[in-house]
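Inspection log for the structure reproduced underneath, given as structure tokens.
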Amino acid sequence: MIVGAGIPREIPGILDSFAENRKASLRLNVAGAEKEDDFRITFDPLKFSGNARLKLMKRPFFFAITSSTVLAQTLVKKGSGKVDGLVIEGPLAGGHNALPRGVLKLDTFGEPLYGPKDDVDLESIKALGVPFWLAGAYGTPAGVKKSLALGASGIQAGTVFAFCNESGLTREIKESIIRKIMAGSASVFTDPKASPTGFPFKILRLEGTNSEDDVFTLRKRVCDLGYLRHLYRKADGKAGYRCPAEPVDEYVKKGGAAEETAGCKCLCNGLLANIGLSQRRADGSLERPLLTAGKELSIIPDILNETGGRPYSATDVIEHMLKGAGPKRQV
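If you want it as structure tokens, here you go:
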């Protein structure tokens, strides 16, 4: 299990319990919760199975994605169970990024500014004694070579695989993005406001998608998937759900601040549209895609040069990246 959201201190212990068919609960982060509140989600395998005789299961490995030395140390030393490995992710990675340390500052393009305080101390990571992988612009032969030299077990890569044959992105999207990359016109923007989570989110720009303001402003706000909704304490003391990407008046009625909705986009519908699962609205329109990618796109032209321009496979990617691992490494 790989977890890259929040501070997953409780997850290792939950895995221990589930492997032995024991009940476990996860504390929920509920906005506005009072001191005496204890919001949890609980699952009891025996109760769920009707007290059937369940076999013990092999506990899955637990890997935490983190961008913080302190968080990595906390998870390994003070987590509820064993942390089997760490993925150390930098701000060049696609998808969500950690917030910069300190007060948020933006550059002239409107992207968050990261500095030395955001660098992870790899010597401290190595001292923890667990394997780790590096992520965020390491998906190249040079990145693999560098990661191994720094003591990592390897790398995590996503962007280069997003446009390979096996990727779930629609063929039209893959072909359009690859054309832009080969033409040198592909652009990735770290948007500080787009994600309902409040974390910076990498957006790969493509005409006709919700990366473009003229397309996004035409979309009617709706939150009907809810994968990134926030929990909040309702007046009756129970937990409710709200999302900064839902209609503004609905969000405000639930106690949310109107300014939190500015620039916020529906990632849930956009990401599903990326793989051809666009929802059709009452007026007949389809939800538009919203693409994400990391900042490092140069590996894609390199791979296409090796394939003679033909669409590339996941195997092509791995073979190319392993050139940085030395002659003994094989696919």
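Just so we're aligned: 164 in my numbering is position 164 of the sequence shown, and the numbers increase by one with no gaps anywhere. A virtual CB, placed ideally from N, CA and C, is assigned to each residue, including glycine.
Beta-carbon spacing of residue i, residue j below 8 Å
i    : j    : result
A410 : A93  : Any question about residue 410 goes unanswered here, given that the chain covers just 1 to 331.
F132 : G85  : yes
Q150 : L122 : The question names Gln, but residue 150 in the sequence shown is Leu. Yes. Within cutoff.
L113 : L106 : yes
L204 : I177 : yes
G139 : A157 : yes
V248 : A257 : no
T159 : G294 : yes
E89  : S67  : yes
R9   : L54  : no
V144 : M321 : yes
S25  : I41  : yes
L56  : A5   : no
K202 : G95  : yes
C164 : V317 : yes
P200 : N97  : yes
Proximity to residue i [Cα-Cα], best of the options
i    : options                : result
E296 : A142, G308, K220       : A142
D119 : A157, F109, L322, A72  : A72
D224 : A239, L291, E250, T69  : E250
E166 : T315, S298, P12        : T315
V103 : P192, K220, S17        : P192
V215 : S147, P289, D283       : P289
S313 : L148, T261, S211, G168 : G168
S211 : R229, G226, V222, A186 : A186
P91  : P244, P311, A137, L304 : A137
K220 : K253, N269, P200       : N269
K126 : C164, P311, F109, L148 : L148
R229 : T209, T261, D213       : T261
R101 : T108, F109, G115, E111 : G115
According to DSSP, residues forming a beta bridge with residue i
i    : result
D191 : F201
Q73  : None, per the DSSP bridge assignment.
L26  : I41
A135 : E89, Q156
G240 : Y232
H320 : Note: H320 sits in no beta bridge, so no partner.
I2   : F63
R280 : L286
P8   : According to DSSP, P8 bridges with nothing at all.
P112 : L106
L291 : L204
A31  : Y232
Distance between beta carbons of residue j and residue i, contact taken as under 8 Å
i    : j    : result
V130 : V83  : 6 Å
L28  : P60  : Going by Cβ atoms, the distance from L28 to P60 rounds to 22 Å, so no, they are not a contact pair.
L218 : L291 : Rounded, the Cβ-Cβ distance is 18 Å, inconsistent with contact.
R280 : L286 : 6 Å
P301 : I181 : 7 Å
F43  : M1   : With a Cβ gap of about 15 Å, F43 and M1 do not count as contacting.
Segment contact, 8 Å Cβ cut-off, at least three pairs: the region 263-270 with the region 187-196: Contact between the region 263-270 and the region 187-196 is present, because at least three Cβ pairs lie under 8 Å.
Cβ contact (3+ pairs, closer than 8 Å) linking the region 275-285 and the region 162-175: Yes, since at least three Cβ pairs between the region 275-285 and the region 162-175 fall closer than 8 Å, the two stretches touch.
Contact between the region 226-245 and the region 41-53 (3+ Cβ pairs under 8 Å): The region 226-245 vs the region 41-53: no contact.
contact_flag[the region 225-234, the region 16-36] where n(CB pairs < 8 Å) is 3 or more: Touching, yes, given that three or more Cβ pairs across the two stretches are closer than 8 Å.
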